[in-house]
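K.L.:
Let me give you the structure first, and then I'll get to my questions.
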Amino acid sequence: MTEQPQPFRDPQLPFAKRIDDLLQRLTLDERIAMLHQFAPAVDRLGLAPFRTGQEALHGVAWMGPATVFPQAVGLGATWNDELVRRVGEAVGNEVRAKRADDDRIGLNVWAPTVNLLRHPLWGRGEEGYSEDARLTSAIAVAYTRGLRGDHPLYWRTAPVLKHWLAHNNETGRDVTSSSVRPRVLREYDLKAFEDAVRAGAVAGVMPAYNLVNGRPNHVSPLLAEHLRAWTDRPLVVCSDAGAPSNLVDSEHYFDTHEEATAAALRAGVDSFTDHGQDSTVMTGRIKGALERGLLDTHDIDTAVRRLLELRFSLGEFDPESDPYADAADFDTEEHRALALEAAEQAVVLLKNDGILPLDPGAGKTVAVVGLLADACKLDWYSGTLIHRSTPLDGIRERFGADRVVFAEGADLVRLKCADGWLRIPEAAGAADSARGAEGALDPALLAGRTDLPPLTCGDTPSELALIDWGDGVLTFREPAGRYLSVAEDGFVRASADEPGGWIVQETFRLEAVEGHDGGHRLLHIGTGGYVSVAADGVKVAAPGEEDSRTAATVFETETVERGEDAVARAAAAADTVVVVVGNDPHINGRETEDRPTLALPAQQERLWRAAHAANPRTVLAVTSPYPYALTDAAATLPALLWTAHGGQAAGTALARVLSGDVSPAGRLPQTWYTSDAELPDLLDYDIIGSRQTYLYYEGTPLYPFGHGLSYSSFTHSALTAARDGDLLRVAWTVTNTGTTDADEVAQLYVRAVDPSVVRPVRQLAGHRRLHLAAGASERIDLTLALSEIGHWDVAHGRWTVEPGAYEIQAGASSADIRLIAVVDIDGEPAGPRPVLERGLEAADYDEQLGTEIVDRAKRAGDAVTAVAEANELLYRRCDFAAGAGSAEVLASGEGAVVLTAGSTTVTVPVAPTGGPYDYRAATARLDVSGTTDLRVTLRGTVRLARIAFSGAGA
Numbered sequence: 001m002t003e004q005p006q007p008f009r010d011p012q013l014p015f016a017k018r019i020d021d022l023l024q025r026l027t028l029d030e031r032i033a034m035l036h037q038f039a040p041a042v043d044r045l046g047l048a049p050f051r052t053g054q055e056a057l058h059g060v061a062w063m064g065p066a067t068v069f070p071q072a073v074g075l076g077a078t079w080n081d082e083l084v085r086r087v088g089e090a091v092g093n094e095v096r097a098k099r100a101d102d103d104r105i106g107l108n109v110w111a112p113t114v115n116l117l118r119h120p121l122w123g124r125g126e127e128g129y130s131e132d133a134r135l136t137s138a139i140a141v142a143y144t145r146g147l148r149g150d151h152p153l154y155w156r157t158a159p160v161l162k163h164w165l166a167h168n169n170e171t172g173r174d175v176t177s178s179s180v181r182p183r184v185l186r187e188y189d190l191k192a193f194e195d196a197v198r199a200g201a202v203a204g205v206m207p208a209y210n211l212v213n214g215r216p217n218h219v220s221p222l223l224a225e226h227l228r229a230w231t232d233r234p235l236v237v238c239s240d241a242g243a244p245s246n247l248v249d250s251e252h253y254f255d256t257h258e259e260a261t262a263a264a265l266r267a268g269v270d271s272f273t274d275h276g277q278d279s280t281v282m283t284g285r286i287k288g289a290l291e292r293g294l295l296d297t298h299d300i301d302t303a304v305r306r307l308l309e310l311r312f313s314l315g316e317f318d319p320e321s322d323p324y325a326d327a328a329d330f331d332t333e334e335h336r337a338l339a340l341e342a343a344e345q346a347v348v349l350l351k352n353d354g355i356l357p358l359d360p361g362a363g364k365t366v367a368v369v370g371l372l373a374d375a376c377k378l379d380w381y382s383g384t385l386i387h388r389s390t391p392l393d394g395i396r397e398r399f400g401a402d403r404v405v406f407a408e409g410a411d412l413v414r415l416k417c418a419d420g421w422l423r424i425p426e427a428a429g430a431a432d433s434a435r436g437a438e439g440a441l442d443p444a445l446l447a448g449r450t451d452l453p454p455l456t457c458g459d460t461p462s463e464l465a466l467i468d469w470g471d472g473v474l475t476f477r478e479p480a481g482r483y484l485s486v487a488e489d490g491f492v493r494a495s496a497d498e499p500g501g502w503i504v505q506e507t508f509r510l511e512a513v514e515g516h517d518g519g520h521r522l523l524h525i526g527t528g529g530y531v532s533v534a535a536d537g538v539k540v541a542a543p544g545e546e547d548s549r550t551a552a553t554v555f556e557t558e559t560v561e562r563g564e565d566a567v568a569r570a571a572a573a574a575d576t577v578v579v580v581v582g583n584d585p586h587i588n589g590r591e592t593e594d595r596p597t598l599a600l601p602a603q604q605e606r607l608w609r610a611a612h613a614a615n616p617r618t619v620l621a622v623t624s625p626y627p628y629a630l631t632d633a634a635a636t637l638p639a640l641l642w643t644a645h646g647g648q649a650a651g652t653a654l655a656r657v658l659s660g661d662v663s664p665a666g667r668l669p670q671t672w673y674t675s676d677a678e679l680p681d682l683l684d685y686d687i688i689g690s691r692q693t694y695l696y697y698e699g700t701p702l703y704p705f706g707h708g709l710s711y712s713s714f715t716h717s718a719l720t721a722a723r724d725g726d727l728l729r730v731a732w733t734v735t736n737t738g739t740t741d742a743d744e745v746a747q748l749y750v751r752a753v754d755p756s757v758v759r760p761v762r763q764l765a766g767h768r769r770l771h772l773a774a775g776a777s778e779r780i781d782l783t784l785a786l787s788e789i790g791h792w793d794v795a796h797g798r799w800t801v802e803p804g805a806y807e808i809q810a811g812a813s814s815a816d817i818r819l820i821a822v823v824d825i826d827g828e829p830a831g832p833r834p835v836l837e838r839g840l841e842a843a844d845y846d847e848q849l850g851t852e853i854v855d856r857a858k859r860a861g862d863a864v865t866a867v868a869e870a871n872e873l874l875y876r877r878c879d880f881a882a883g884a885g886s887a888e889v890l891a892s893g894e895g896a897v898v899l900t901a902g903s904t905t906v907t908v909p910v911a912p913t914g915g916p917y918d919y920r921a922a923t924a925r926l927d928v929s930g931t932t933d934l935r936v937t938l939r940g941t942v943r944l945a946r947i948a949f950s951g952a953g954a
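Start counting the sequence shown at 1; every next residue gets the next number (this note's numbering).
Spelled out as structure tokens, the structure:
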């Protein structure tokens with residue numbers, strides 16, 4: 001029998017024809033199976049299994065050893081597009097190299113995260129690049145281009161952007177709704193995705209867990225209306241893990257999983273990440289939706305076609321033509337050098353009174369102190385370290401080990417109970433590493449080790465290093481370096497290399513016991529159970545165990561040595577002190593957990609104060625992806641630096657900056673505020689109304705967006721700005737006027753001088769990181785489209801560049817503007833709102849108080865409802881021409897809509913409707929003419945969709 005030809009394997013044919021051929025060969029069941037994250041093999045056609053999803057945020061994650069680059073926000077702090085492109089290329093090559101040895105590693109990479117760092121208390125801020133959409137876009141375009149490669153047909157890896165859309169809170173992340181007005185949506189949140197998609201190096205997006213304007217992102221019409229309108233490429237939309245089930249289980253947005261799955265698929269979700277590797281649940285829901293007529297085969301085929309395009313692009317069917325098939329670059333000398341270069345470029349010098357750089361050849365001693373001084377921390381999306389450099393390692397190597405004094409600063413304590421002292425069996429100190437070949441996902445780390453003896457109580461105490469990470473969250477570490485951890489059997493052991501896992505098992509909290517002076521219960525945060533001493537060892541109560549709090553052992557804490565005392569001794573014995581503070585990326589801020597405060601944990605605050613009191617030559621190095629309110633430190637200490645966790649070369653990079661081998665040129669990718677009082681509510685997504693980020697913030701920050709100092713000095717001169725058709729061409733000269741070769745980050749901002757609506761104080765329009773030898777100059781030429789200085793005109797439903805004067809500002813940060821040129825832009829003024837012709841969409845307000853945007857219907861549309869009794873919607877400059885005769889509101893719920901135009905106020909009753917999506921029209925007489933502001937107040941449970949007006953003669 002002659003074998004039938006398979007055109008889908010013919011590399012001479014275009015992908016579209018090959019996909020057509022393959023699609024018609026697949027049965028319906030085979031096509032449905034492809035819609036799950038883990039698509040099975042189709043043996044009869046020779047198709048291998050395929051899965052979407054390989055984490056690669058700043059290196060290959062979760063799959064064992066890999067080159068670990070700085071955290072994403074650290075890459076954002078480099079402000080260096082070309083560097084980040086090279087990092088993306090290296091990560092993509094390592095994905096390919098590791099896949100050659102392990103086919104569990106996928107080529108569809110879920111990276112980068114482009115959610116904007118709107119709020120500094122967001123727990124996943126470590127995963128984003130910047131609070132600014134333009135900088136985020138530039139870094140994302142660079143990273144995705146590196147991941148994708150430059151072959152016109154085949155892709156090195158296929159990047160998926162996370163997380164669509166307006167996602168900046170972990171608290172209630174699967175049930176909270178982000179209220180995003182049209183201007184914020186189009187000018188801010190969408191912009192972070194748009195440029196990367198238009199650049200052509202993005203294969204898809206992942207919707208976020210949250211809802212936007214009352215509608216889950218996984219059924220968002222914006223996927224079709226915006227995302228897929230930006231490119232001709234058939235983008236793949238991959239659901240977030242478990243999110244399809246959330247549509248029913250936690251969000252209760254649909255009554256059945258069949259309805260929810262059908263709605264997600266028809267909205268544009270192509271690949272369902274749910275129920276792990278068990279695809280039967282999701283495929284069963286899809287089949288059920290087909291049987292109920294909620295889907296048809298065209299919906300299935302549309303999604304499968306996109307997935308097949310992805311697989312063809314990755315060279316799956318053309319191994320002989322795939323230029324990346326033989327990629328073997330892994331942990332190369334070039335990758336190690338690149339990790340160091342990226343870590344160096346991410347360091348931001350916040351303050352320097354002349355103490356830096358330190359001269360490593362002067363024979364002076366350096367005290368390296370602090371809870372992060374001898375740490376090289378990983379986060380949830382890190383790979384396993386092949387190389388490791390802590391600040392202590394780097395400074396010892398650069399300054400000489402004999403000239404470095406070290407004190408961690410953890411409190412040394414003993415815990416005592418009625419049965420004796422808490423003690424650790426000797427075998428625990430000699431245990432093998434808990435971190436295995438799977439790195440962050442190693443089962444031994446996630447579930448906890450049970451092959452080690454648990455803690456006991458006895459006559460001989462064990463000293464423990466106690467660290468308070470803030471908000472009362474504690475870790476305990478035994479002398480050999482292992483953290484106390486709780487395994488599935490409930491016993492407490494000294495078994496973990498570091499805190500980690502999806503649910504951290506290494507954190508505890510001491511709770512005071514009433515009537516017991518100095519006594520505390522010890523709560524294990526991961527399980528919520530209290531620690532008790534039993535005959536077979538120290539354990540925590542099992543979930544659901546009755547009255548574990550009452551049965552908890554009462555411990556007394558004896559402090560052997562305060563950490564600040566050890567730090568003070570080390571500081572006094574050295575010429576200069578470097579205090580390294582910051583966070584552990586698994587504690588008090590991470591995926592699933594927002595930060596409680598901007599404040600540095602009190603224990604670390606005490607350490608820098610003790611160091612400075614003992615030695616005024618104290619440098620504070622903050623190692624964390626987050627901003628801190630370091631108001632006192634900034635006023636007191638002679639030098640401050642900040643860097644995100646810098647990956648495998650973090651310590652070496654910091655030492656090279658401290659020693660002057662590298663002049664720092666990292667720049668802040670987000671505003672540093674002075675206190676929590678400066679922050680809006682975490683769930684307030686209206687950056688315009690609440691004046692968030694450097695774009696709208698009206699106060700004086702601790703350190704502004706774009707800030708960063710150098711060991712050299714730079715002048716900016718000869719700014720020119722001129723319109724060229726639909727473009728603005730801007731140029732200026734930067735000169736290194738110091739004696740040190742160094743990098744400068746030249747920043748270009750734009751400001752509307754006299755806007756008719758609230759516009760940014762200034763907005764980043766371009767940047768360039770350049771290296772200049774001492775005395776050298778470089779001319780910078782930047783071009784931007786005129787449309788980029790525009791805004792969304794809610795009054796007329798269009799993007800507009802308002803005519804008038806615009807300042808073109810060049811400088812070294814958003815608060816350090818050196819040059820200004822003014823450009824006059826002509827055009828047609830927007831004019832007042834034509835309310836008689838267009839009516840008013842409720843969400844198109846100019847300002848609001850006490851309201852939120854909700855879904856008008858499950859599939860599309862917005863409405864507005866009140867969340868406070870004192871509420872108002874303001875629509876400015878409404879043109880009622882010769883006069884309105886009546887107003888018709890379209891609303892659901894029950895209550896009233898109160899309209900005030902000029903001196904006229906009318907109340908429009910809203911009779912009870914059949915539910916939140918049952919909108920009815922209600923009319924009232926409205927006598928108003930001319931141009932005036934309209935104010936609207938909502939009473940009761942009303943959801944207002946729109947208002948229409950008729951003329952006086954109607």
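Built from N, CA and C at the ideal position, the CB exists for glycine as well.
Remember, it's a predicted structure, so these values are computed and weren't measured experimentally.
Pull up the CB-CB distance for G490 and V540, whole angstroms please, since I reckon it's below 8 angstroms.
P.N.:
As a working note, residue 490 is residue 490 in the sequence shown. As a working note, residue 540 is residue 540 in the sequence shown. With a Cβ gap of about 5 angstroms, G490 and V540 count as contacting.
K.L.:
Which residues mark the beginning and the end of the alpha helix (DSSP H) in which K287 is found?
P.N.:
On the sequence shown, position 287 is the one that residue 287 refers to. Here the alpha helix (DSSP H) through K287 covers 280-291.
K.L.:
I'd like the span of the alpha helix (DSSP H) that includes V73, first residue to last.
P.N.:
One-based indexing of the sequence shown puts residue 73 at position 73. Unbroken alpha helix (DSSP H) run through V73: 72-77.
K.L.:
Candidates V662, I817, S389: which alpha carbon is nearest L772's?
P.N.:
One-based indexing of the sequence shown puts residue 772 at position 772. Nearest C-alpha to L772: V662.
K.L.:
Under a three-way DSSP split, which group does V114 fall into?
P.N.:
Along the sequence shown, read from residue 1 onward, the residue named residue 114 stands at position 114. DSSP places V114 in coil when its eight states are reduced to three.
K.L.:
Would you kindly work out how many angstroms separate the C-alpha atoms of G92 and G893, rounded to a whole number?
P.N.:
In the sequence shown, residue 92 corresponds to position 92, counting from 1. In the sequence shown, residue 893 corresponds to position 893, counting from 1. G92 and G893: Cα-Cα distance of roughly 52 angstroms.
K.L.:
Nearest to E309 by alpha carbon, out of G268, R18, A891?
P.N.:
Here residue 309 refers to the residue found at position 309 when the sequence shown is read from its first residue. If we check each option's Cα against that of E309, R18 comes out closest.
K.L.:
Given a cut-off of 8 angstroms on the beta-carbon distance, is the pair N169 and L786 in contact?
P.N.:
Reading the sequence shown from its first residue, position 169 is the one you call residue 169. Reading the sequence shown from its first residue, position 786 is the one you call residue 786. For N169 and L786, no; Cβs fall outside 8 angstroms.
K.L.:
Helix, strand or coil, according to DSSP, for A760 in the structure here?
P.N.:
Taking the first residue of the sequence shown as position 1, residue 760 is located at position 760. In the sequence under discussion, the amino acid at residue 760 is Pro, which differs from the Ala named in the question. Here DSSP, grouped into helix, strand and coil, assigns P760 to coil.
K.L.:
Can Q54 and V95 be called in contact, C-beta distance under 8 angstroms?
P.N.:
One-based indexing of the sequence shown puts residue 54 at position 54. One-based indexing of the sequence shown puts residue 95 at position 95. Yes, these two residues count as a Cβ contact at 8 angstroms.
K.L.:
Ends of the beta strand (DSSP E) at F406?
P.N.:
Here residue 406 refers to the residue found at position 406 when the sequence shown is read from its first residue. First-last of the beta strand (DSSP E) with F406: 404-407.
K.L.:
DSSP on N955, reduced to helix/strand/coil?
P.N.:
Residue 955 is absent from the model: the chain starts at 1 and stops at 954.
K.L.:
Going by the beta-carbon positions, is the gap between G660 and Y696 smaller than 8 angstroms?
P.N.:
Position 660 of the sequence shown, counted from the start, is the residue given in the question as residue 660. Position 696 of the sequence shown, counted from the start, is the residue given in the question as residue 696. No, these two residues do not count as a Cβ contact at 8 angstroms.
K.L.:
Identify which residue in L938, P499, A48 has its Cα closest to the Cα of I853.
P.N.:
Residue numbering aside, residue 853 sits at position 853 when the sequence shown is read from its first letter. Checked all of L938, P499, A48; the closest Cα to I853 is L938.
K.L.:
May I ask you to verify whether the stretch 585-598 touches the stretch 547-567, counting CB pairs closer than 8 angstroms and requiring at least 3?
P.N.:
no
K.L.:
Are the stretch 318-329 and the stretch 625-636 in contact at 8 angstroms, needing three or more beta carbon pairs?
P.N.:
Taking 8 angstroms as the limit for Cβ pairs, the verdict is that the stretch 625-636 does not touch the stretch 318-329.
K.L.:
Nearest-angstrom Cα distance between T941 and P627?
P.N.:
For the purposes of this step, residue 941 is taken as residue 941 along the sequence shown, with counting starting at 1. For the purposes of this step, residue 627 is taken as residue 627 along the sequence shown, with counting starting at 1. Roughly 39 angstroms separates the two Cα atoms.
K.L.:
Alpha carbon to alpha carbon, how far is L57 from L121?
P.N.:
As a position in the sequence shown, residue 57 is number 57, starting the count at 1. As a position in the sequence shown, residue 121 is number 121, starting the count at 1. Going by the C-alpha atoms only, they are around 20 angstroms apart.
K.L.:
With three or more beta-carbon pairs closer than 8 angstroms as the criterion, would you say the stretch 858-867 touches the stretch 831-838?
P.N.:
Fewer than three beta-carbon pairs drawn from the stretch 858-867 and the stretch 831-838 are found closer than 8 angstroms, and the two stretches are therefore not classed as touching.
K.L.:
At 3 residues or longer, what runs of the beta strand (DSSP E) sit wholly inside the stretch 134-191?
P.N.:
158-164
K.L.:
Which residue's Cα is closest to the Cα of I467: T460, F476, P461?
P.N.:
Here residue 467 refers to the residue found at position 467 of the sequence shown. Checked all of T460, F476, P461; the closest Cα to I467 is F476.
K.L.:
Return the chain-ordered list of same chain residues with a C-beta closer than 7 angstroms to the C-beta of L600, the five sequence neighbours on each side being excluded.
P.N.:
Looking up residue 600 in the sequence shown gives position 600. So the qualifying residues of the chain are V581, Y628, L630.
K.L.:
To the nearest angstrom, how far is the alpha carbon of D20 from that of F317?
P.N.:
Along the sequence shown, read from residue 1 onward, the residue named residue 20 stands at position 20. Along the sequence shown, read from residue 1 onward, the residue named residue 317 stands at position 317. Each residue's alpha carbon lies about 14 angstroms from the other.
K.L.:
Thinking C-alpha only, which one of E698, D918, W732, D726 is nearest I825?
P.N.:
The sequence position of residue 825 within the sequence shown is 825, counting from 1. Taking only the C-alpha atoms, the option nearest I825 is D726.
K.L.:
Would you identify the three-state DSSP class for G915, choosing helix, strand or coil?
P.N.:
Taking the sequence shown and counting its residues from 1, one reaches residue 915 at position 915. Assignment of G915 by DSSP, reduced to helix, strand and coil, places it in the coil class.
K.L.:
I'd like the ranges of any alpha helix (DSSP H) spanning at least 4 consecutive residues and lying wholly in the stretch 195-281.
P.N.:
222-225, 243-249, 257-267
K.L.:
Kindly indicate which residue of P216, T851, T693 has the alpha-carbon position closest to the one of A860.
P.N.:
Walking along the sequence shown from the start, residue 860 turns up at place 860. For the residues P216, T851, T693, the minimum Cα distance to A860 belongs to P216.
K.L.:
Indicate the three-state DSSP secondary structure (helix, strand or coil) for G651 in the structure shown.
P.N.:
The residue you call residue 651 lines up with position 651 of the sequence shown. It is helical.
K.L.:
Please tell me whether G123 and T113 are closer than 8 angstroms, where the distance is taken between their beta carbons.
P.N.:
Locating residue 123 in the sequence shown gives position 123, where the first residue counts as 1. Locating residue 113 in the sequence shown gives position 113, where the first residue counts as 1. No, they are not a contact pair.
K.L.:
Could you give the uninterrupted runs of the beta strand (DSSP E) lying entirely in the stretch 86-130, keeping only those of 3 residues or more?
P.N.:
108-110
K.L.:
Just to confirm, is the Cβ distance from A496 to E506 under 8 angstroms?
P.N.:
Stepping through the sequence shown from its first residue, residue 496 is reached at position 496. Stepping through the sequence shown from its first residue, residue 506 is reached at position 506. Yes, Cβ-Cβ distance for A496 and E506 is below 8 angstroms.
K.L.:
Less than 6 angstroms between C-beta atoms, sequence neighbours within five positions excluded: which residues of the same chain meet that for A260?
P.N.:
As a working note, residue 260 is residue 260 in the sequence shown. Excluding sequence neighbours, A260 sits near L247, V248, F254.
K.L.:
Please state whether the Cβ-Cβ distance between L764 and Q747 is less than 8 angstroms.
P.N.:
Residue mapping note: residue 764 aligns to position 764 of the sequence shown, counting from 1. Residue mapping note: residue 747 aligns to position 747 of the sequence shown, counting from 1. Going by C-beta atoms, L764 is nearer than 8 angstroms to Q747.
K.L.:
On a CA-only basis, which of R104, T144, S220, S130 is nearest Y188? Give me that one, please.
P.N.:
As a first step, residue 188 is located in the sequence shown; it is residue number 188 there, counting from the start. The shortest C-alpha separation from Y188 is found at S130.
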